[in-house]
Amino acid sequence: MLKKFLATFVAVSGYLFSVAQTNTSTDTPKPADAAVEAAPEKKPALAISGSIDAYYKYDFNKQATNNKTSFTNSHNSFELGSARVKLEHATDKLGMVAELSFGQRAEEFNYNDDKTRAAIRQLYISYSPWKNIKFTAGNWATHFNVEIYETDANRNYSMSYMFTYGPFFHTGLKGEATLGKHGFMLGVANPNDYKVAPVGSKKYVIAQYSYSPNDKFKSYINYFSGQRPTDSAKVSQLEAMLILKFNYKFNITYCGSIAFNKLKQDGKYGTSQNWWGSGLYFNYDPTNLFGLTLRTEYFGDKKAQNVFAGFQNGGNVFETTLSANFRVDNLTIIPEFRLENASEEIYTKSSGAGTKSNGNFLVAVVYKF
């Protein structure tokens, strides 16, 4: 598979090189007047950004274990999220990003790493030989899902099921190209969420196609495929994202994803064990100081691959999250209500009995710089 990937990568690069060469002007620029002293070259500055966050959460059934998604596993407790700093530097053709993050959120995000590797959020170098071509090598955030790790970029503080059970990041090499309104990405990487590939593991193929005719509509098709190192299962995932902007106050985002897992038993691969999810995000900002986001998500796990792993017939869950965003300069305060209903008793009441429904309330504070 890797040989086929490399052959495809070389062919695409060759075509894009010819396009870039055709579009490049052959006119030789005139030399500057010798009498005019050349201005000193301005060196690019190092850009520094980041964020810190913390939250308080109260589970209506008074159980911290009722949370089935990433980063908010608590009840009646003030919690530290993460402290994140991002360094960026770029020249005309070269660029680098070094992003570090510390805290409980970072530890859960880098669940396969230990020691100092667990603090690395992103670490990569990019090279753009032409304006419509870019190559990236290192470790970068996944192209999957609407939601991302950075709390200052998410309108909901709690995470979706699709984010939790999809890939978090990739480590490898990718190439990106833009041709008018179309975008393409193709890459080869370690198994998902591994900065260091396990011994004997095979590489994953990752890809993305995007189409953006204007600033009011954007669409993405995301894909990955490979062999999971923990159990040699053949895994792949296909996702579609649509962003529709009606005006500067209101937009809707859709995310739909399906994952295929073929487990290996007695040396043979069985039938595919799938899970899928579908979510809508309604975003409304009446002013620059206040915004509302309603997330609705359905997550199907009939093959008992993740959320319903302890249930013979699997199950499904529907969650609704309403978040407000109060903004004061660099500070955002996020009060949030979340309600969930499942087909099986995956939650626990305060009495210890099982239940099919749960809810919680949290307040998060996020400061970005």
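Each residue of the sequence shown is one higher than the last, beginning at -3 in this note's numbering. We put the beta carbon where it would ideally sit given N, CA and C, even for glycine.
Check the DSSP bridge columns for proline 331 and list the partner residues they point to.
For the purposes of this step, residue 331 is taken as the residue at position 335 of the sequence shown. According to DSSP, proline 331 bridges with Val359.
By the three-class DSSP mapping on this structure, what secondary structure does threonine 68 have?
Walking along the sequence shown from the start, residue 68 turns up at place 72. DSSP places threonine 68 in coil when its eight states are reduced to three.
Per DSSP, asparagine 218 is paired with what?
Numbered from its first residue, the sequence shown carries residue 218 at position 222. Per DSSP, Gln204, Glu235.
Can you tell which of Gly176, Lys191, Tyr219 has the C-alpha that lies nearest to the C-alpha of glycine 183?
In the sequence shown, residue 183 corresponds to position 187, counting from 1. The shortest C-alpha separation from glycine 183 is found at Tyr219.
Residue span of the alpha helix (DSSP H) that contains phenylalanine 398, given as start and end
Lying before the first or after the last residue shown, residue 398 is absent from the chain, which here runs from -3 to 365.
For alanine 60, which three-state DSSP category applies?
Your numbering for residue 60 matches position 64 in the sequence shown. Of the three classes helix, strand and coil, the one that applies to alanine 60 here is helix, per DSSP.
Quick check: the Cα distance between serine 154 and threonine 65, rounded to an integer number of angstroms?
By 1-based counting over the sequence shown, the position of residue 154 is 158. By 1-based counting over the sequence shown, the position of residue 65 is 69. Looking at the two C-alpha atoms, the distance is approximately 8 Å.
Can the beta-carbon of phenylalanine 98 be found closer than 8 Å to that of alanine 79?
Position 102 of the sequence shown, counted from the first residue, corresponds to residue 98. Position 83 of the sequence shown, counted from the first residue, corresponds to residue 79. Cβ atoms of phenylalanine 98 and alanine 79: closer than 8 Å.
I believe methionine 237 touches serine 215 by the beta-carbon criterion, under 8 Å. Please report the beta-carbon distance rounded to the nearest angstrom.
Against the sequence shown, residue 237 aligns to sequence position 241. Against the sequence shown, residue 215 aligns to sequence position 219. At roughly 7 Å, the Cβ-Cβ gap stays under 8 Å, so methionine 237 and serine 215 are in contact.
Are lysine 245 and aspartate 297 close, meaning C-beta to C-beta below 8 Å?
Here residue 245 refers to the residue found at position 249 when the sequence shown is read from its first residue. Here residue 297 refers to the residue found at position 301 when the sequence shown is read from its first residue. For lysine 245 and aspartate 297, no; Cβs fall outside 8 Å.
Do the CB positions of tyrosine 107 and aspartate 49 come within less than 8 Å of each other?
Counting from 1 along the sequence shown, the entry for residue 107 is found at position 111. Counting from 1 along the sequence shown, the entry for residue 49 is found at position 53. The answer is no: Cβ separation not under 8 Å.
With a CB to CB cut of under 8 Å and the five nearest residues on each side skipped, what residues in its chain are close to tyrosine 54?
As a first step, residue 54 is located in the sequence shown; it is residue number 58 there, counting from the start. Only His71, Asn72, Asn356, Phe357, Leu358 meet the Cβ criterion.
Among the residues of its own chain, which have a CB less than 6 Å from the CB of phenylalanine 314, if the five just before and after it don't count?
Residue mapping note: residue 314 aligns to position 318 of the sequence shown, counting from 1. Closer than 6 Å at the Cβ level, and outside the excluded window around phenylalanine 314, lie Tyr294, Asn337.
In the DSSP assignment, find the unbroken alpha helix (DSSP H) run with threonine 160 in it and report its ends.
Your numbering for residue 160 matches position 164 in the sequence shown. 157 to 161 is the extent of the alpha helix (DSSP H) around threonine 160.
Of the choices His85, Leu96, Lys130, whose alpha-carbon is the least far from that of alanine 114?
On the sequence shown, position 118 is the one that residue 114 refers to. Ranking the options by Cα distance to alanine 114, first place goes to Leu96.
Helix, strand or coil: which one does DSSP assign to threonine 112?
Sequence index remark: in the sequence shown, residue 112 carries index 116 (1-based). Helix at threonine 112.
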